[in-house]
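As C-alpha cells, the structure follows; a few thoughts come after it.
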Amino acid sequence: MEKAKVGIKEKLEEWNSAAAAKSTEKEKAKRKQKPEDIDNRKPAVAATNMAEKNANQKQKPKDDNNGKPPAAAFGNSTDININDGSKNFCEQVPESGSSDNNNSDSDNATTGIVSIDVPDPDFYDFDKHRSEKSFGGDQVWATYDNEDGMPRFYALVQKVISLKPFKIRISFLTSKTNSEFGSLDWVGSGFAKTCGDFRVGRYVTNDTVNIFSHRVQWEKGLRGIIKIIPRKGDTWALYKNWSPDWNEHTADSVIYKYEMVEVLDDYNEDQGVSITPLLKVAGFKTVFHRHLDPKKIRRIPKEEMFRFSHQVPSYILTGEEAHNAPKGCCELDPAATPMELLQVITEAKKDEVMKADELKLVS
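For the record, in the sequence shown the residue sitting at position 341 is 341 according to full-length UniProt numbering, with numbers rising by one throughout.
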C-alpha cells in the first residue's frame, strides 16, 4: 500500500512587500526546476478521494510562504514570550476569543492540498507514533515543509482541544537569525533552520494529524528560547553538497542531495558534534547500517551546523520483526527520507551500499 503526504496552505492577509518580492523570485526558480511542485498541484477533491484509498496520508504545505512555516508568515504575528518560571506553556496562550489581539486566521486556517506518494517501510510501523492519541501539551513536533516535503518545520502543541474529532492548538517555531552558530546568513537566504534557537510564534488551530512527522526533543533556554540540537543516537539527513556560499540562487539540484548520518555525541559549542555515515543495506528500501570504517567518523563544528537538513525518525531492528530482518540495522521512516534514498539496490557499492552478509561477519 502506498501512502501520501498532503499539505496545508495558509491564506495570508498581509504580506511585506520586500518579502513578497523575495518570494516571487524564489517561486520562479522553483518553477524552472520543479514545475510539478508549484503548478501541478492536485486539488483537494482528488486528495480526498485518495484518502479513501489510503488510510495513512502525509501532508505538506504549498510553497507560498518562501520556505517559512505557515503560522510564521502572518504579517502581524507576534512572538509569545515563554518565561523561565514553572508556569505551563499552554497556560500562557489565550483561549480563542479571549483577547482582542487574536488574529481571525489563528482559528480559521484554510487548507490547500499537496500530495506526495511515499512507500511503506520494510518492517517497522512509524505511523503508530504519530496517531491522534500521541499528542499532548508542551510537546514540540516536526512538520513537513513546502520545499521537498521533509520535516523541517517545528510546532509547539499549546493545547489538545479534542482527539475525536482531532483538533489541537499549535504555534509554529520561528527564528529570524542563526547567530548562535556564526555570521552566515542562512535564514536570511531563505533556508529552513532546523537546529539552534527558536521562538514561539502566533497560534493556529489545526485539525489534520498527518502534517506531523515526529516528536522532537527540546530544551527551554533564556527569555523564552526553545533549543533544538542534534543529540546522541539521533539520525539526521545532512546536505551532501553543503557550502557556506549557498544563497537564494543556489539550484535545487545542488541543495537537495543528502547523506544519512547517526549522531555519536551531544552537541558542544566548542567541539560541535561527531557523526558517522549510514549506508544503505542492499535489498531493502529503508534499512541502513553504520559505516564499518571508523575512519569515516567526522566532526561537524559549530560554524557548519547548517549542514543538518532534518531529523529522521529511526528504529533499531531486533531481527524478530521478520525472518529477513537484519538485526542491529537501522530502519528509517520513509516519510522523512528523500525519495532517491528509498530505491531498492541489490548490489553493494563502496561507501554507499553494503550487503547484509557483511554485517553478519562483524556481528
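Ideal placement from N, C-alpha and C gives every residue a C-beta, glycine not left out.
Is residue i helix, strand or coil when you go by DSSP?
i: Ser253; result: helix
i: Met150; result: coil
i: Lys296; result: helix
i: Arg41; result: A caution first: Arg41 carries a pLDDT of 30, below 50, which makes its placement in the model too unreliable to give a value.
i: Val187; result: coil
i: Glu132; result: helix
i: Asp351; result: coil
i: Phe123; result: coil
i: Leu163; result: coil
i: Arg231; result: coil
i: Leu317; result: coil
i: Glu340; result: helix
i: Ala155; result: strand
i: Asp357; result: helix
i: His323; result: coil
Find out if the Cβ-Cβ distance for the pair residue i, residue j is shorter than 8 angstroms.
i: Glu331; j: Pro121; result: yes
i: Leu173; j: Arg202; result: no
i: Ile229; j: Tyr256; result: no
i: Asn206; j: Ile170; result: yes
i: His249; j: His129; result: no
i: Pro151; j: Pro334; result: no
i: Ser189; j: Asn146; result: no
i: Ile168; j: Phe135; result: yes
i: Ile345; j: Ala282; result: yes
Which same chain residues, not among the five before or five after residue i, have their C-beta less than 8 angstroms away from its C-beta?
i: Thr337; result: Ala237, Met260, Thr286, Val312
i: Arg231; result: Gln217, Val263, Asp266, Tyr267
i: Ser309; result: Met150, Arg152, Thr194, Trp236, Ala237, Leu238, Tyr239, Tyr258
i: Gly221; result: Asp197, Lys227
i: Gly182; result: Lys302, Glu303
i: Gly233; result: Glu262, Val263
i: Met354; result: Leu279, Lys280, Val281, Ala282, His289, Leu292, Ala348
Go to residue i, then tell me how far its beta strand (DSSP E) extends in each direction, as first and last residue.
i: Asp197; result: 196-206
i: Gln311; result: 308-311
i: Ser213; result: 212-216
i: Glu303; result: It is not in any beta strand (DSSP E) - Glu303 carries neither H nor E in the DSSP assignment.
i: Glu259; result: 258-263
i: Ala142; result: 140-143
i: Ala237; result: 235-239
i: Cys330; result: 330-332
i: residue 364; result: This structure does not reach residue 364, given that the chain is present from 1 up to 363, and the question cannot be answered.
i: Asp117; result: 116-118
i: Tyr289; result: Note that residue 289 is His in the sequence shown here, rather than Tyr. Taken as a continuous stretch (DSSP letters only), the beta strand (DSSP E) holding His289 covers 287-290.
Are there any heavy atoms of the ligand SAH lying less than 7 angstroms away from the beta-carbon of residue i, as far as the coordinates show?
i: Lys164; result: This structure does not include the ligand SAH; it has no bound ligands of any sort.
Could you check how far apart the C-beta atoms of residue i and residue j are, in whole angstroms? I think they sit under 8 angstroms.
i: Ser274; j: Asp265; result: 5 angstroms
i: Phe212; j: Thr143; result: 6 angstroms
Which same chain residues, not among the five before or five after residue i, have their C-beta less than 6 angstroms away from its C-beta?
i: Ser240; result: One point to set straight first is that residue 240 is Lys, not Ser, in the sequence displayed. Lys257, Tyr258, Glu259, listed in sequence order.
i: Gly272; result: Arg299, Ile300, Pro301, Lys302
i: residue 368; result: Because residue 368 is not part of the residues shown, which for the chain are 1 to 363, the question remains open.
i: Glu219; result: Lys227
i: Phe126; result: Pro313, Asp333
i: Ile225; result: Asp197
i: Val140; result: Tyr154, Leu156, Val216, Trp218
i: Phe284; result: Asp122
i: Tyr315; result: Tyr124, Glu331
i: Asp148; result: Tyr256
If you drop the 5 nearest sequence neighbours on each side, which residues of the same chain put their C-beta closer than 7 angstroms to that of residue i?
i: Thr318; result: Lys327
i: Glu352; result: Leu279, Lys280
i: Trp186; result: Asn178, Lys193, Phe306
i: Ala322; result: Phe123
i: Lys133; result: Leu163
i: His166; result: Correcting the residue identity first, residue 166 is Phe in this sequence and not His. Around Phe166: Glu132, Asp207, Val209.
i: Arg290; result: Glu262, Thr276, Leu278
i: Glu180; result: Gly196, Asp197
i: Pro244; result: Leu184
i: Trp242; result: Phe306, Arg307
i: Val160; result: Phe135, Gly136, Gly137, Ile168
i: Phe288; result: Met260, Leu278, Leu279, Lys280, Val281, Cys329, Cys330, Leu332
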